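As C-alpha cells, the structure follows; a few thoughts come after it.
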Amino acid sequence: MPLKLFAIFTFLTLAVPDLRGQTDPVVSISATKKQAEVLPGQIVNLAFFVENSSGEVQPVETKMDIPQGWKLISSSQAFELKPGEKKFLIFTVQVPSNNPVGHFDVSLHAVHSGTKEIFSSYTVSLLVGEVEKIAMFLVESPDYLTAGEELRGEFLLQNLGNTKKKVFFETRNCQVEGAQEIEVKPGESVRVTAVNQTSPDWTETRKEYYTVRALVSGKVAESIFRSVMVFPSKEAKKDLYFRFPVSASATYLATNQKGKYEHAYQFELSGSGALDPAGKHRLEFLARGPNNSNLSFLGMYDQYFVSYSQNNLELFAGEKAFSFTPLTESSRYGLGTENKVIFNNGLNLGFLYVKPRFYKEIENEVAAFTGFDFNKENNVEFFYISKKLRATPDLTQLFSVNSRFQPFDRTSVELEVSRGNFQENWDNALRANISSQFSIFNLAGNYFYTGKDYPGYFSNSTFYSGNFSVKLTPRLNLGVYAKEDFRNAQLDTFFVTAPYSKSFRAMINYNIASRSYLKFFWREYERKDRLALDKFHYNTRSLNAQFNQRFKKIEYYLLAEYGETANFLLESAENRQNTYRGSANIAYRFNSLHSIRVFGSWSNINSFVSGEQRNLTAGMSVVSQIAKNLRANFHLQNAYDIDDYYRNRNLMQLNIDFTPARKHKFSLRSFYTLFRQQTEDPEFTFSFNYTYNFGIPLKKIIKAGDVTGQVMRENGEPAEGIVLSFQGKTTITDRNGAFSFRSVPAGRHLLFVDRSKLAIDEVTSIPDPFEVEVLEDRETPFHIKITKGTRLSGRFEVEESSVSVLRNNETNAKNIVVELKSEREQFRITSDKEGNFVFPLVRPGEWTFRVYTNSLPEGYEVEDPIRTIQLEPGREESVSVKLKSKKRKIIFKSQNNALQPLNSLKVKSIQKNSSENEREEKLEPISRIFYSVQVGAFEKKLSRESDYFGDEPYDFEKQIDNLHKYFIGRYVTYKEALEARKRLEKKFRNPFVAKFENDQFIQIEYRINNE
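Numbering (the working numbering), first residue to last: -2 to 1008.
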C-alpha cells in the first residue's frame, strides 16, 4: 500500500506539469495553405486565422519572419481578441526577382501586446520556381565604316532569371570573339563582341547586315539584327553605258576511260539580258561546241539557240527541250522554233516545230496553239499537234484543251483533256492537278490517265501522286502520301529514266521543341528496274522513325527502318525476308565559312537484291571558303544503293572556284565516278574551266562628270569621317578630308552634309545644302570648310519712367520678335517671359540684328532696332536691347476760352498712335522655296536599295496622308523640275512636280500651273 501511494504521488508530481504544457495555446494560428508555389518577382498573399481559445480578452500583435531580401508589403497588426473570437488576416509578400529556386519558410507569430510573450507560431513553406529569362541589348555598333575596317558590335547579355544558364551564340555574317558558349549566373551581366572584317575592295556604298542570337537549350532567347553603312575607300568609275551581259568560257576535259587517257576542249559563248534600259526587249543566246557528251559526263552536248522576247512577242530558234503540254509532249529535245504572239486583251497564239535529236522514231513535230488569260489565276489553252514518224507515212494527230483556274481562295486547279489519232485509232487522255489550303488541311496532287491507243508522250498508263496533311496543333501534323510512276513514255534516249516506283506512306510529325522534329511513318514501296538487265524488282513494307535536330553548331538526322521485303526476281518460296536500315547524317558548322558533313547507312536490303552490293554506305563532304575569292568543296562516298545505278555516281568529287577579279573565274572539277549502268570499275575524270564575263555597250545612258573635294576645319586640319550625300550617293571623307563622287549626271545638284558627324559646336562656313554644277566629262572641284559656330544671346531691359510708374502695371517683354540675317541665312525667334532670347548656333561673320517694333509692348520703343553685328568663331556673344517709353507731345488749344479735356486729346493721340503702328514695317516672311519630282507613294516604307528605284535612288522622303512619298531632286525653278520630270518619266510611272516652302509640301503640279 505505501508503495502504491508513492507511485501515485510521483505521477502527480512529474506528469501533471507535462500535461499542462501540452494543452492548446491561449491564442492559436492556422493557415489556409501549408505550402504554396511562387515565381521570382511575384507577389503572394498568405491567409491566416488567429483564434482566442481562452475565456479572457487577449491583446495580440502579429509579427512575420521572411527570408533575407524578401519584402513584406503588409505591415504587422495589433488587435484584441474576445474569448472564442477568430480573426482572418492576409499578409502580402514579394519575392525578389533574382531569388534562387528552392523551398523557403515564412513564419507568422502571435505575440502578447504587453508581455511580448509568443502565444503561438505557424510556418508556411513557399516553393520558388525556376524562371529562365535571358536578355541581350545592343550597347554599341558603328553607323558607318570605311571599306577594309573591322566591324565591331558590343552587346550586353544579362541573366534575369534565377538559375545558372549556358548561353550559345549563333551568328550570321559575323563572329563572336572568345568562346561561343558561356555560362551566366543569375543576375550576372556579360559583354559580348561580334566582329566582321569588311573588304577593302568594295567600290560601292553598301549596307552590311549582321545578326547575333543567344540560344538557351537550343531555343532562341534573344536575337538582334543590325545594319552598318560601309563606304568605299576607293570609288569605282561608274559605267556610263547600258550593256548587254555576255559570258565566254573555255573548258579542258580529260578522262582515263578503260585505262586510256583521252582529252578534248569545249567552248561556250552565251548572253542573256535586256536590249534597252527600260527592259522592254530581251535577248538570250547560246553557242556551245564541239559535242563532247561521249567523252565523260563532264562533257556536254553541243547546243546553239537564240531567243527574243518582249511583252507581246516571244521568238525562239535553235536547240532546246521543247514542251507542248504534259500529255501530248512533255519534253522533247531537238532543233526547232517556237513563236508566240501575245495581245493586250489576254489573247495569245503561236506555233512550234521540232526535229528530235535523241528520239529517232519521230522525224518531226508541229504544233499550233492559242489561249486566253482571263487574269493571273485563270486561263485556257487549245493545242493541235502533228507528229511524223520515220517508220510510217501516217501522221499522228493530237488535240488538247488545257485550263488553269482558281475556284476558291488558296485553291488552284489545272485540267487537261486530250484526244489523239494514229492509223484510224482514236483514244483519250486526262490530266488533273490540284493544290489547296483550307483551315488546318493541306491537299496537293496530280493524276494522269492515258488510253491504250493514245499516241501522246504517255500511253496506256495511269499514274498519280498526292499528299494530304492535317495540322492538329502547332506541334502535331498527320499526313498521307501516295505515288505511282508512269509505265509507258516516249523518253529521249539520251536521258536514262529512273526506276519505276510505287509507294504509300502514312505519317505523324511532331515538333518536340524549337529545331527538333520527330516523325513516325509506315510505308509500302515497290521499285523496279526499267533498264534491260533488270537488276532489281522488290517490294518493302516497313515502319520508320526519323529524328531531326539542330543544336548549336550541329545539325543531325537519324533514321531507323524495320520491315519485310519481297524480291520478285527470286522464287516465291525464297523471296521474303526481314529487312532493316539505319541511317545518320551529321553536319557541323565551324562558322559561316567552313562546314563538314558525315553520313552513313547500314542495311541488309541490298544483300538479296544484288549480291555484289555492300550493306554499309558511308561518306563525308567539306565546304570551305578558303579566301574571299577562293572556295572549295570535297565529297567522298564508298558506295551507292543498287537503285541508283541508272545514273552517274561520284565516289569522289573535288570542286575549286577561284575568282581573281570581278569578271574572271577559274574552276576545277575532278571526279572518281561509277558511270550509269555500271556497278564496278569507276573512272577518274576532271575539267578545267575559265570564264570571262563582259558587257557589250549598246547605249550611253549617263552624261556625267566627277566631283572631288576636301573638307577642312578652320585651323587647316582635315576633317575625317564626315558623311556627304549627293544625287542619291553617300560617301565619307578619308583621313585627308578628301571625298569624291564619280559619274554624277551633269547639271546642278544639291550636296548635303550629315551634321551628326560634326562636333556639337561646329557648322559649315556657308549654309548647306550646297548647289554644285557638274559638267559633262569634267572634274568639278568643291571644297567645304568647317568652323566653330557662335552663340548669340540677349535680353530686353525695360527702363522705368514716371509715366510707367503712373500706369501702375508691369511691362511684359514676352514674344518680341528678333531677327538675325546674313546674305545667305535668316533666323527669327521670340523672347521669353523674362525678355531673354538665344540664337544657339550660327555661322560666324557679319549679321544684321533687327527688332520688329510692331511686336514691342504698347508705349515702348528701341533706339536702334536695326544694327550690324560681327560674330567671331567659337565665341559667345550677347546683346542688350533697352525698351524706352515713348515720349508724346501734348498740345493745349483754346476754344471759347476753355481748355479741351485731357481725355479727348488722349483719345486722338491713341488713334494716331494706332495709325502710326499700321505704317510701321510688317514681318517679312522667310521663304525657302524649291521644287522636286515625286516618283512614288507607298503605304510601307522603302529603302534606298529597293528595286523600285533601280539606278535612280530618291533624295528624300516625306510622310503625307499616311503614305510614304519619295522625291528626287531639289530645284530652284519650276522649269528645272519640269525638265527633270520628263527625264524621270522613262524610269517611273506618272512622276510629277511638287512644290515645297520651308521644307513643307504645299502644292502639286496641276495647281502650280494654274497659279
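All residues carry an ideal CB built from backbone N, CA and C; glycine is no exception. Small disclaimer: the values here were computed from a predicted structure and weren't measured.
- In the structure shown, Y454 adopts coil according to DSSP, grouped into three states.
- DSSP assignment within the stretch 934 to 976 yields the following whole beta strand (DSSP E) runs of 3 residues or more, N-terminal first: 953 to 957 and 960 to 968.
- DSSP places Y554 inside the beta strand (DSSP E), whose first and last residues are I551 to N564.
- Each residue's CA atom was taken as its position, placing Y553 and N545 some 6 Å apart.
- The stretch 244 to 253 makes contact with the stretch 679 to 696: 3 or more CB pairs, one atom from each, lie closer than 8 Å.
- The straight-line gap separating the alpha-carbon atoms of G145 and S196 is approximately 5 Å.
- For N439, the secondary structure class from DSSP, reduced to helix, strand or coil, is strand.
- Annotated as distal: Y637 and K660, with beta-carbon spacing of 8 Å or more.
- A check of alpha carbon separations from S569 across K549, R547 and Y535 identifies Y535 as the nearest.
- In the DSSP assignment, K162 is bridged to V181.
- If you draw a straight line from the Cα of Q263 to the Cα of M297, it comes to about 8 Å.
- Each residue's CA atom was taken as its position, placing N425 and K480 some 22 Å apart.
- When C-beta atoms of the stretch 701 to 719 are compared with those of the stretch 729 to 742, three or more pairs fall below 8 Å, so the two segments count as touching.
- For R210, the pairing in a beta bridge is given by DSSP as E167 and S220.
- An exposed status is given to N308, since fewer than 16 other beta-carbon atoms sit within 10 Å of its beta-carbon.
- Scanning its chain for C-beta atoms nearer than 6 Å, with the 5 sequence neighbours on each side dropped, one finds around R401 the residues N376 and E411, in chain order.
- For M297, there is no enclosing beta strand (DSSP E), as DSSP gives it neither H nor E.
- Its Cα nearest to that of N833, the residue L789 stands out among W844, F824, L789 and G842.
- In this structure, DSSP gives T322 a state outside helix and strand, which the three-state scheme calls coil.
- Take the alpha-carbon of L473 and the one of V467: they are about 9 Å apart.
- Counting the other CB atoms within 10 Å of its CB gives D948 a total below 16, which places it among the exposed residues.
- Each of G453, R428 and I437 was checked against the Cα of N443, and the nearest Cα belongs to R428.
- Comparing alpha carbon positions, the residue from R978, L981, E982 and F927 closest to K992 is F927.
- By the Cβ neighbour-count rule, T447 is buried, with 16 or more other Cβ atoms within 10 Å of its own.
- Restricting attention to G702, L78, V595 and F533, the CA atom closest to the CA of L555 is found in V595.
- In the three-state DSSP reduction, L981 falls in the helix class (H, G or I).
- At a Cβ-Cβ threshold of 8 Å, S940 and F964 do not count as neighbours.
- Using a Cβ distance threshold of 8 Å, S737 and L237 do not count as a contacting pair.
- A contact is defined here as three or more CB-CB pairs under 8 Å, and the stretch 664 to 684 meets this definition with respect to the stretch 646 to 654.
- Ranked by Cα distance from G966, the options E874, P742 and L123 are led by P742.
- In the DSSP assignment, E137 falls within the beta strand (DSSP E) that extends over I131 to E137.
- Secondary structure of T367 (DSSP, three-state): strand.
- The C-beta of Y559 has fewer than 16 other C-beta atoms within 10 Å across all chains shown, which makes the residue exposed.
- Going by C-alpha positions, F165 is about 11 Å away from I131.
- DSSP places N575 in the uninterrupted beta strand (DSSP E) bounded by R573 to R586.
- Within the DSSP bridge table, the entry for W599 names G579 and L613 as partners.
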